[in-house]
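**Student:** Going letter by letter, the sequence shown gives residues 19 to 518 in this note's numbering.
Cβ atoms here follow ideal geometry from the backbone N, Cα and C, with glycine treated the same way.
Pasting in a structure now, in structure tokens, and then I'll have a few things to ask.
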Amino acid sequence: MFSPKPPGSFHTASDRRLSIRSAPWRSLMVSGRPLYVVLSSLLKRSAFLKTEGSQRWAWWLIIIGLFFPPGGCVAQQADLLHMKRELEAKISSLHKQRQALEAAVAQANQALTKTQAVIARQRKELNKLHLDRAEFFEELASLREQEFSTLQGELERTQHHVHQLVQQIERLQKEAEARHARVLEQERDNQQRLITLEKTIELQTQELAARHTQGQQFQEALREFRQAMLALQTHQQDQAQHLEQLDQQVQGLTQKVSSDSEEVSAYLHTVNQSLQSIVDTIQQVQQKSDAQLTAQARRLEQVEHWIQHSKTHLKGATPSNNPSSALSEERQTLAHKERAPRQAVLPDVEALPHQSSSSAISPLSKTLSPQVKEEYRRIYEQVRAGQYRRGVESFTAFLGRYPDSPLAANAQYWLGECYYGMRQFSRAITEFHQVITRYPTSEKVPAALLKIAYSYLELHDPLQARTTLRHLIRAYPRSPEATLASTKLTEVDHLLHTNS
Numbered sequence: 019m020f021s022p023k024p025p026g027s028f029h030t031a032s033d034r035r036l037s038i039r040s041a042p043w044r045s046l047m048v049s050g051r052p053l054y055v056v057l058s059s060l061l062k063r064s065a066f067l068k069t070e071g072s073q074r075w076a077w078w079l080i081i082i083g084l085f086f087p088p089g090g091c092v093a094q095q096a097d098l099l100h101m102k103r104e105l106e107a108k109i110s111s112l113h114k115q116r117q118a119l120e121a122a123v124a125q126a127n128q129a130l131t132k133t134q135a136v137i138a139r140q141r142k143e144l145n146k147l148h149l150d151r152a153e154f155f156e157e158l159a160s161l162r163e164q165e166f167s168t169l170q171g172e173l174e175r176t177q178h179h180v181h182q183l184v185q186q187i188e189r190l191q192k193e194a195e196a197r198h199a200r201v202l203e204q205e206r207d208n209q210q211r212l213i214t215l216e217k218t219i220e221l222q223t224q225e226l227a228a229r230h231t232q233g234q235q236f237q238e239a240l241r242e243f244r245q246a247m248l249a250l251q252t253h254q255q256d257q258a259q260h261l262e263q264l265d266q267q268v269q270g271l272t273q274k275v276s277s278d279s280e281e282v283s284a285y286l287h288t289v290n291q292s293l294q295s296i297v298d299t300i301q302q303v304q305q306k307s308d309a310q311l312t313a314q315a316r317r318l319e320q321v322e323h324w325i326q327h328s329k330t331h332l333k334g335a336t337p338s339n340n341p342s343s344a345l346s347e348e349r350q351t352l353a354h355k356e357r358a359p360r361q362a363v364l365p366d367v368e369a370l371p372h373q374s375s376s377s378a379i380s381p382l383s384k385t386l387s388p389q390v391k392e393e394y395r396r397i398y399e400q401v402r403a404g405q406y407r408r409g410v411e412s413f414t415a416f417l418g419r420y421p422d423s424p425l426a427a428n429a430q431y432w433l434g435e436c437y438y439g440m441r442q443f444s445r446a447i448t449e450f451h452q453v454i455t456r457y458p459t460s461e462k463v464p465a466a467l468l469k470i471a472y473s474y475l476e477l478h479d480p481l482q483a484r485t486t487l488r489h490l491i492r493a494y495p496r497s498p499e500a501t502l503a504s505t506k507l508t509e510v511d512h513l514l515h516t517n518s
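Now the structure itself:
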């Protein structure tokens, strides 16, 4: 919808002109023309009002003078004030724009001056570049004519050198790859060696613990030895006193014997011969008795082993009527056999002079010392008491210290028994095989074969167990283990037949 404009609001110049034309002085005439037409023509012709701003100020002065006559309309004066404010604001804005435009023109002039200076400098540089270019082309032409062949030769040599460098780099890369492969292989070997070294360290630690125990035992034995030495010193003092008395008696006897020395010399020669024959007899008897004792001890261990396993593994086997009494009787018999030869010859030896008694040395002390026997017996008692882990450590240390001992085969066998008792059947089979390979002539081989078969049965491998039992029966048909193997073979065959 059209809304009438409020009085005094002018949107365009035509509105202002219409407002002026419709003002109260529109009826004023000068020489037949309206007053505002006359004033406009005067303003345009004035020399000092050539600019637009000056003309506007002149119009304002005229309008203000016309709008404030005596008795003028108050509403028209308010409109004029409002128009004045709007025109002043516009004039101020135009003045600011003019100042900004003048500043921009000044900056543009300065930039133009600088640009002209830069253009002049660049023209000089361009001229210099043209001169340098001409000189360069002249030098290039001379170089092409004079050194082209030389440069071409150097280029070919450089290319050849580059080709050689490329080949050398490829060769170095191949060598680096080969070295990397060798390093990887060496790292794998080092890892394997490290694992082996760790196992060796573990074994050495176990052996060190065993040796520490042995050292403690040695210290105890050393204390006992010191006590014995003190007693021996006391005894030696007593013997020294007795020897002094004997020396006095010998001096008296020497005086008596000096008259018949030839007869005494003949008698001493006869006594020495008799003593030598007696010593030889003692050595032979002791060698035979020691061999018999060793064999009997091995048979005793086998009998104990058979009795033990017949109780645990064979349901249909009949044990001995009193195994403990039989073992004790056999041990007493062995002790009697060990003492009997010595008792038979000791009276004659005591009857001989004291000088020849030191020549009787037991060969058993050279082959199997009491310390070795005692250590073996102690470890064996540990195994009998069910201390399998300590038995493994002790028997391993025993085999390391006495690999050539007559008891080494027994120790190897009982090492397998310890693993069997700990239910480590694969390791037990390995240790029992060591008995067969390292000690093939030992009496423990049939027992080792029997326990290998038992271990295969525990590992649920009846085929290997049957093969081992058959080999035991064929190789050792008269051994007690063969009887046990026959009974167990019947059970295994029945088991395989049932499963099939």
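Have a look at E106 and H100 and give me their C-alpha separation to the nearest angstrom.
**Tutor:** Taking the sequence shown and counting its residues from 1, the one referred to as residue 106 is at position 88. Taking the sequence shown and counting its residues from 1, the one referred to as residue 100 is at position 82. Using only the alpha carbons, I get a separation of about 10 Å.
**Student:** Where does L130 sit, in a helix, a strand or coil, going by DSSP?
**Tutor:** Within the sequence shown, residue 130 is the residue found at index 112, counting from 1. Three-state result, L130: helix.
**Student:** May I ask which residues mark the beginning and end of the alpha helix (DSSP H) holding P388?
**Tutor:** Residue numbering aside, residue 388 sits at position 370 when the sequence shown is read from its first letter. Looking at the DSSP string, the run of the alpha helix (DSSP H) that includes P388 is 388–402.
**Student:** Using a threshold of 7 Å, state whether the C-beta atoms of F443 and A466 are closer than that.
**Tutor:** What you label residue 443 is simply residue 425 of the sequence shown in a count that begins at 1. What you label residue 466 is simply residue 448 of the sequence shown in a count that begins at 1. Going by C-beta atoms, F443 is not nearer than 7 Å to A466.
**Student:** Might you give, ordered along the chain, the residues of its own chain that have their beta carbon closer than 6 Å to the beta carbon of P388, omitting 5 neighbours on each side?
**Tutor:** By one-based count along the sequence shown, residue 388 stands at place 370. Excluding positions up to five away in sequence, the list is empty.
**Student:** Taking the straight line between their C-alpha atoms, what separation do you get for Y438 and S504?
**Tutor:** For the purposes of this step, residue 438 is taken as residue 420 along the sequence shown, with counting starting at 1. For the purposes of this step, residue 504 is taken as residue 486 along the sequence shown, with counting starting at 1. The straight-line gap from Cα to Cα measures roughly 21 Å.
**Student:** For the alpha helix (DSSP H) containing H515, list its first residue and its last residue.
**Tutor:** By 1-based counting over the sequence shown, the position of residue 515 is 497. Here the alpha helix (DSSP H) through H515 covers 498–517.
**Student:** Rounded to the nearest angstrom, what separates F236 and E242 at their Cα positions?
**Tutor:** Along the sequence shown, one-based indexing puts residue 236 at 218. Along the sequence shown, one-based indexing puts residue 242 at 224. Spanning the two alpha carbons is a distance of roughly 10 Å.
**Student:** Grab the span of the alpha helix (DSSP H) containing K469 for me, first residue to last.
**Tutor:** Residue numbering aside, residue 469 sits at position 451 when the sequence shown is read from its first letter. From DSSP, the alpha helix (DSSP H) with K469 extends over 463–476.
**Student:** State the Cα-Cα distance for the pair Y494 and Q430, rounded to the nearest angstrom.
**Tutor:** Residue 494 sits at position 476 when you count from the first residue of the sequence shown. Residue 430 sits at position 412 when you count from the first residue of the sequence shown. Whole-angstrom Cα-Cα distance: 20 Å.
**Student:** For P421 versus L386, is the C-beta spacing smaller than 7 Å?
**Tutor:** On the sequence shown, position 403 is the one that residue 421 refers to. On the sequence shown, position 368 is the one that residue 386 refers to. Not a contact, by the Cβ cut-off of 7 Å.
**Student:** Assuming E411 and A227 make a contact with CB atoms under 8 Å, what is their CB distance in whole Å?
**Tutor:** Your numbering for residue 411 matches position 393 in the sequence shown. Your numbering for residue 227 matches position 209 in the sequence shown. That pair is a contact at about 7 Å.
**Student:** With distances taken Cα to Cα, identify the nearest neighbour of T231 among E476, R408, G434, A249.
**Tutor:** In the sequence shown, counting from the first residue as 1, residue 231 sits at position 213. Here the closest residue by C-alpha is R408.
**Student:** Quick check: what's the CA-CA separation for Q125 versus L147?
**Tutor:** Within the sequence shown, numbered from 1, the residue matching residue 125 stands at position 107. Within the sequence shown, numbered from 1, the residue matching residue 147 stands at position 129. Approximately 32 Å, taken between the alpha carbons.
**Student:** With distances taken from CA atoms, which of T176, L514, V463, L130 is nearest N428?
**Tutor:** Taking the sequence shown and counting its residues from 1, the one referred to as residue 428 is at position 410. Of the listed residues, the one whose Cα sits closest to N428 is V463.
**Student:** Taking 7 Å as the cut-off, decide whether the C-beta atoms of A483 and L490 are in contact.
**Tutor:** By one-based count along the sequence shown, residue 483 stands at place 465. By one-based count along the sequence shown, residue 490 stands at place 472. No.
**Student:** For a quick check, are the C-beta atoms of L507 and P480 less than 7 Å apart?
**Tutor:** Looking up residue 507 in the sequence shown gives position 489. Looking up residue 480 in the sequence shown gives position 462. Result no, Cβ atoms of L507 and P480 do not sit closer than 7 Å.
**Student:** By Cβ distance below 6 Å, which residues in the same chain neighbour L433 in space, the five residues on each side in sequence not counted?
**Tutor:** Here residue 433 is taken as the residue at index 415 of the sequence shown, counted from 1. Cβ within range, chain order: F413, E449.
**Student:** Under the rule that 16 or more other beta-carbon atoms within 10 Å means buried, what is K114, buried or exposed?
**Tutor:** The residue labelled residue 114 in the question sits at position 96 within the sequence shown. By the 10 Å Cβ count, K114 comes out exposed.
**Student:** If you measure between the beta carbons of Y457 and C436, is that distance less than 7 Å?
**Tutor:** Position 439 of the sequence shown, counting from 1, holds the residue named residue 457. Position 418 of the sequence shown, counting from 1, holds the residue named residue 436. For Y457 and C436, no; Cβs fall outside 7 Å.
**Student:** Grab me the residues of S473's own chain with a C-beta within less than 6 Å of its C-beta, minus the 5 sequence neighbours each way, in chain order.
**Tutor:** In the sequence shown, residue 473 corresponds to position 455, counting from 1. These residues qualify, in order along the chain: F443, A446, I447.
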